[in-house]
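Notes follow once the structure below has been shown.
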Ligand SMILES: Cc1ncc(C[n+]2csc(CCOP(=O)(O)OP(=O)(O)O)c2C)c(N)n1
Ligand SMILES: [Mg+2]
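Residue numbers (the numbering used here): 1131 to 1649.
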């Protein structure tokens, strides 16, 4: 007689049947039956991360590239808590993820063992869907519900808590998740209102987000812009923007509030397409939270839960724009390689000159990268990924997930040194999995952005104690050694010539490669 299936195996088989075939993991004792089931059942790629922020961030990057959830495996409340910051970022990016979080056996919870915690309470703020499975016979059905929740459009964070006895007890078999639902269609009223706003004599702009940043949608937006003369703009940080030569270019709303206000004043009225009315990252004394001018208005064409491509097409048809060639198409352009000392502008030119076709750029460059767009606009087609949730340490984990999702593409992670330190362990996973990720560390030895913020909130002449809290020197980080210590090839660079040489080595390496750029 065949060996009976336990709860853990029924869940693994349910996940695989539901199209989830990658699990980013950091397990513990309570997850051992799940680990054994992963071992027994073929078809799941398991990727170990040495900190849960790596695990959750990798699942975010995976979804951003494939629009398909991965699973995570996390160890009780503390393991989940370690992964929360990047779950927050994933949630803001509308990435679907199925978190499997181990829990003590149901009868053990009452004894308040060391790892006992309110896991549902920990999960709730960063999850759309949370459930503790009550029994081994319910686990498969609960797993199917988690898959359905994660696959909703836009993607959701689904957290399934798995008490150990539900994993080792007997199960009845697998459960089938319902097929993903199609996104909702926008109403003809929404299309007409958008068309009316664009036809008026007042200045107007399409503010694009979510799926509107895919090539096909950008092309429709470009046709509308050419026909009506409207502007094209995106939010400051995007889940995934398809850009480069031959694609319709869009500007981002700047981070710095005064600059953002200028851009929004020039934008006029807004048609919102997968984006919300823009808000400042932070409040500052005497500056507004809302970035639109008071006399501007907006109309929503489509939300991220709706069929954005169909909405843009309906709008283009309504405006008679389908036969119009798109505006703002980026001409192919490779800047010349600069020489001498490295500046942010020079780095932008080097990236523009060297970005490989189809590259995936994960941008956590913070202050160094503020002006990277113009010089890279004409590089061969590539994707550009930003931090949607503002919690730093997202970049290298997301790069892992993107590389696993797209093994044929080069991933370039642009990292502030402060940000990179949050999830440094990512390097080890990159090396272990042989991922083609080139990591550029902008080693300025500071939390540079916060120096500006100190001034922005009105602090004049900061003293040594304040300055010291924004410096990450003393001791200086040695990124080449840190990379080597985790099995990643690395080189330092100080000039443009050295950076170009190192980038060339990185982009031709088999696995990951780190470049410490001393600024
Ligand atoms: C989880 C988290 N902690 C702290 C911050 C505050 N913070 C924002 S940017 C930043 C420093 C970024 O430094 P770095 O990556 O070196 O970029 P630079 O400013 O030097 O360009 C910090 C600490 C944050 N955003 N998220
Ligand atoms: Mg820095």
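By construction, the Cβ of each residue, glycine as well, lies at the ideal position given by its N, Cα and C atoms. From a predicted model like this one, the values you see are computed outputs, not experimental measurements.
Annotation note: the segment 1194-1234 contains the following uninterrupted alpha helix (DSSP H) runs of length 4 or greater, listed N- to C-terminal: 1206-1222. Relative to ligand 2, the beta carbon of residue 1577 is positioned inside 7 angstroms of a heavy atom. Taking 7 angstroms as the cut-off, the C-beta of residue 1547 counts as close to a heavy atom of ligand 1. Annotation: residue 1334 to residue 1589 spans about 37 angstroms, alpha carbon to alpha carbon. Inclusion of residue 1645 and residue 1630 in the CB contact set at 8 angstroms is not warranted, their separation being larger than that value. Assignment of residue 1527 by DSSP, reduced to helix, strand and coil, places it in the helix class.
Between the C-alpha atoms of residue 1172 and residue 1148 there is a straight-line separation of about 14 angstroms.
Short of 8 angstroms from the beta carbon of residue 1601, and not among the five residues preceding or following it, lie these beta carbons of its own chain, in chain order: 1575, 1576 and 1577. For residue 1422, the closest C-alpha among the options 1384, 1457, 1438 and 1528 is that of 1384. Set against 7 angstroms, the gap from the CB of residue 1521 to the closest heavy atom of ligand 1 is smaller. At least one heavy atom of ligand 1 is found less than 7 angstroms from the C-beta of residue 1580. Residue pairing by DSSP places residue 1385 in no beta bridge whatsoever.
Assignment of residue 1267 by DSSP, reduced to helix, strand and coil, places it in the coil class. Remark: three or more beta-carbon pairs, one from each stretch, lie closer than 8 angstroms, so the segment 1524-1536 and the segment 1554-1566 are flagged as touching. Looking at the backbone, the Cα of residue 1546 and that of residue 1189 are separated by about 21 angstroms.
In this structure, the straight-line span from the alpha carbon of residue 1293 to that of residue 1177 is close to 22 angstroms. Taking the CA atoms as reference points, residue 1280 sits about 29 angstroms from residue 1380. Taking 7 angstroms as the cut-off, the C-beta of residue 1572 counts as close to a heavy atom of ligand 1.
Checking the 7 angstroms criterion, the Cβ of residue 1496 is within range of a heavy atom belonging to ligand 1. Excluding its 5 nearest sequence neighbours in each direction, residue 1487 has C-beta neighbours in its own chain below 6 angstroms: 1510, listed in chain order.
Counting the other CB atoms within 10 Å of its CB gives residue 1163 a total of 16 or more, which places it among the buried residues. Assignment of residue 1322 by DSSP, reduced to helix, strand and coil, places it in the helix class. Apart from sequence neighbours up to five positions away, the residues of its chain that approach residue 1161 with a beta-carbon distance below 7 angstroms are 1203, 1205 and 1232, ordered along the chain.
The beta carbon of residue 1355 lies closer than 6 angstroms to those of 1362 and 1457 in the same chain, with the five residues before and after it left out. When beta bridges are read from the DSSP output, residue 1646 appears opposite 1571 and 1622.
DSSP places residue 1348 in no beta strand (DSSP E) but in the uninterrupted alpha helix (DSSP H) bounded by 1345-1358. One alpha carbon belongs to residue 1230, the other to residue 1165, and they sit about 11 angstroms apart. Inter-segment contact for the segment 1490-1499 and the segment 1456-1472 is absent: fewer than three beta-carbon pairs are separated by less than 8 angstroms.
The alpha-carbon of residue 1476 is positioned some 7 angstroms away from that of residue 1626. Around the C-beta of residue 1424, fewer than 16 other C-beta atoms lie within 10 Å, and the residue is accordingly described as exposed. Around the beta carbon of residue 1451, a 10 Å sphere encloses 16 or more other beta carbons of the protein chains shown; the residue is thus reported as buried. Restricting attention to 1426, 1485 and 1441, the CA atom closest to the CA of residue 1395 is found in 1426. Here the distance from the Cβ of residue 1211 to the nearest heavy atom of ligand 1 is not below 7 angstroms.
Within the model, the alpha-carbon separation for residue 1501 versus residue 1494 is close to 13 angstroms. Bounds of any alpha helix (DSSP H) do not take in residue 1512; it lies within the beta strand (DSSP E) bounded by 1512-1515. For residue 1316, the three-state secondary structure derived from DSSP is coil.
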